[in-house]
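Peer 1: Here it is, the structure, as structure tokens.
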Amino acid sequence: VLDFFAGSGTTGEAAARLGRGFVLIDEHHEAIEVMRRRLAQWEPELEIHAEAQRGTSSTSKS
């Protein structure tokens, strides 16, 4: 599941509950922190990649 405007990570949480892989993208660091906390129960080893110079961040589960 690919969500370019992930916000709080609702789509990622739904994908995790269904056992699906997901990539979440958002440019707001506050949203990334909310996603990290929200998805911690589903994906304790969540990979987070960020490019500060462009102001974008993403989270993913393969």
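Throughout the sequence shown, residue numbering follows the working numbering, covering 125 to 186 in sequence. All C-beta atoms, glycine included, are put in the ideal place defined by N, C-alpha and C.
Output the boundary residues of the beta strand (DSSP E) element that contains residue 125.
Peer 2: Run containing residue 125: none; DSSP gives neither H nor E here.
Peer 1: Tell me the DSSP secondary structure of residue 206 in three-state form.
Peer 2: Residue 206 lies beyond the stretch modelled for the chain, which goes from 125 to 186, so this question has no answer here.
Peer 1: Mind reading off the beta-carbon distance from residue 140 to residue 146? Whole number of angstroms is fine, and I expect it under 8 Å.
Peer 2: 7 Å
Peer 1: Could you tell me whether the Cβ atoms of residue 160 and residue 172 are closer together than 8 Å?
Peer 2: yes
Peer 1: In the DSSP assignment, find the unbroken alpha helix (DSSP H) run with residue 139 in it and report its ends.
Peer 2: The continuous alpha helix (DSSP H) containing residue 139 extends over residues 134-141.
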